[in-house]
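For reference, the structure discussed in these notes is given below.
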Ligand code: SF4
């Protein structure tokens with residue numbers, strides 16, 4: 169049973185663990201399904217809300233220290249472009265951020281998986297929070313629940329029937345928290361829990377190769393790979409994780425893994441002025457992606473206080489895109505969302521220096 173920070177949040181328990189608990193209580197096995205649906209389909213946040221459980225069972229759960237407490241929302245910031253960033257204080261006092269991104273037809277939630285990140289990518293603010301811990305299942309699920317509650321309250325979000333897409337791209341490297349992230353994906357995609365199609369979920373990774381292989385075998389969600397360079401030296405400079413899991417090995421998996429068929433693969437490339445944005449880089453990127461069935465997302469660097477780099481100008485971004493398209497790649501220049509509230513890619517955690 170996952171039991172982080174001494175917490176006994178009932179939402180840290182998987183379906184199987186709930187079955188074991190119900191057995192231990194001497195209750196009929198269907199109670200596990202009842203509890204599971206209350207927790208993950210209806211999203212209750214008190215044990216007493218599970219009204220079809222016997223009173224004595226609810227009392228016992230509470231007596232044994234189980235709870236359904238949600239993290240506290242310490243700040244909600246709204247960008248001019250409609251993006252909303254939520255800063256949450258977890259029960260142990262750690263802070264994490266999630267971001268709601270509305271566009272014409274979709275309402276996307278970006279979920280964090282760690283309270284910082286120890287991968288040390290040089291273009292990312294989150295990397296400065298090195299003392300990070302993994303989020304538990306209940307803390308991952310709570311980000312969806314809090315975003316759902318917020319959606320009900322925000323007039324601008326009423327037009328959306330629900331949160332349509334989940335991107336696991338917030339603070340932290342999800343594949344360094346593989347067990348809980350897999351449990352989270354199970355809850356997201358289980359029709360008797362949150363019921364999202366795997367096609368509506370995307371996980372972004374810097375490329376932790378062994379965990380990536382496990383993920384591909386275990387789920388059918390979409391994948392985004394944070395590449396950001398076209399040669400090993402530059403990638404190691406920008407993303408020290410490349411020393412351990414070199415780009416060449418990563419690209420081999422992306423090119424040949426049969427498990428990548430029938431799912432969308434995105435290559436993310438943060439453009440940084442005079443580091444990885446030259447014409448030669450664009451040509452090399454097209455070259456190394458030959459045979460990889462993917463689309464490329466280009467995003468100009470989102471600077472933050474203390475960031476040693478600057479973004480390229482628009483003309484350089486266009487030039488980079490044109491070269492890739494000329495080589496037959498599908499390219500999207502991603503607009504930065506929520507830059508004014510430091511909610512854009514690579515900026516998460518920038519406000520926490522002040523909030524903590
Ligand atoms: S870009 Fe992602 S993997 Fe790299 S430091 Fe930031 S959060 Fe970690």
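Residue numbers (my numbering): 169 to 524.
Glycine included, each C-beta is placed from N, C-alpha and C at the ideal position.
Here the structure is a predicted model, which means the values were calculated and not measured.
CB-CB length for residue i against residue j, believed under 8 Å
| i | j | result |
| --- | --- | --- |
| residue 444 | residue 396 | 6 Å |
| residue 436 | residue 415 | So it is not a contact: roughly 13 Å between Cβ atoms. |
| residue 308 | residue 281 | 7 Å |
| residue 328 | residue 319 | 7 Å |
| residue 116 | residue 300 | One cannot answer for residue 116 here, as it falls past the ends of the chain, which runs 169 to 524. |
| residue 335 | residue 306 | Not quite, the Cβ-Cβ distance comes to about 20 Å (not below 8 Å), so this is no contact. |
| residue 216 | residue 205 | That pair is no contact at about 16 Å. |
| residue 316 | residue 476 | With 8 Å as the limit, residue 316 and residue 476 do not qualify as a contact, their Cβ atoms being about 38 Å apart. |
| residue 293 | residue 233 | About 36 Å; that fails the 8 Å criterion. |
| residue 242 | residue 256 | 7 Å |
| residue 384 | residue 422 | Rounded, the Cβ-Cβ distance is 10 Å, inconsistent with contact. |
| residue 214 | residue 236 | 6 Å |
| residue 221 | residue 191 | 15 Å between Cβ atoms; not a contact. |
| residue 433 | residue 391 | 5 Å |
| residue 439 | residue 488 | 6 Å |
| residue 502 | residue 470 | No, residue 502 and residue 470 are not in contact; Cβ-Cβ is about 11 Å, not under 8 Å. |
| residue 409 | residue 375 | 7 Å |
For residue i, three-class secondary structure by DSSP
| i | result |
| --- | --- |
| residue 170 | Low per-residue confidence applies at residue 170: pLDDT is 42, beneath 50, and the placement is therefore not dependable enough to give any value. |
| residue 467 | strand |
| residue 282 | strand |
| residue 357 | helix |
| residue 328 | coil |
| residue 276 | strand |
| residue 404 | helix |
| residue 558 | What is shown of the chain runs 169 to 524, which leaves residue 558 out entirely. |
| residue 410 | helix |
| residue 389 | coil |
| residue 364 | coil |
| residue 491 | helix |
| residue 302 | strand |
| residue 396 | coil |
| residue 177 | strand |
| residue 184 | helix |
| residue 524 | The pLDDT assigned to residue 524 is 44, lower than 50, so where the model puts this residue is not dependable; a value taken from the coordinates is nonetheless given after this. It is coil, neither helix nor strand. |
Residues that DSSP places opposite residue i in a beta bridge
| i | result |
| --- | --- |
| residue 253 | 245 and 267 |
| residue 336 | 371 |
| residue 500 | 465 |
| residue 214 | Bridge partners of residue 214: none, in fact. |
| residue 438 | 467 |
| residue 240 | 257 |
| residue 433 | 391 |
Of the listed residues the options, nearest to residue i (C-alpha basis)
| i | options | result |
| --- | --- | --- |
| residue 178 | 198, 248, 310 and 278 | 310 |
| residue 212 | 242, 262, 283 and 312 | 312 |
| residue 412 | 200, 287 and 464 | 287 |
| residue 431 | 229, 247 and 461 | 461 |
| residue 348 | 391, 224 and 303 | 303 |
| residue 250 | 345, 324 and 382 | 324 |
| residue 389 | 440, 368, 403 and 198 | 368 |
| residue 330 | 438, 342 and 314 | 314 |
| residue 466 | 180, 500 and 181 | 500 |
| residue 202 | 187, 434 and 194 | 187 |
| residue 456 | 346, 354, 485 and 420 | 420 |
| residue 448 | 262, 208 and 492 | 492 |
| residue 326 | 271, 207 and 265 | 271 |
| residue 183 | 473, 360, 438 and 391 | 360 |
| residue 283 | 345, 433 and 404 | 345 |
| residue 181 | 261, 403 and 352 | 352 |
| residue 425 | 381, 442, 407 and 463 | 381 |
Closer than 5 Å to the ligand SF4: residues, by C-beta to nearest heavy atom, in chain order: 285, 287, 289, 292, 294, 295, 341 and 374
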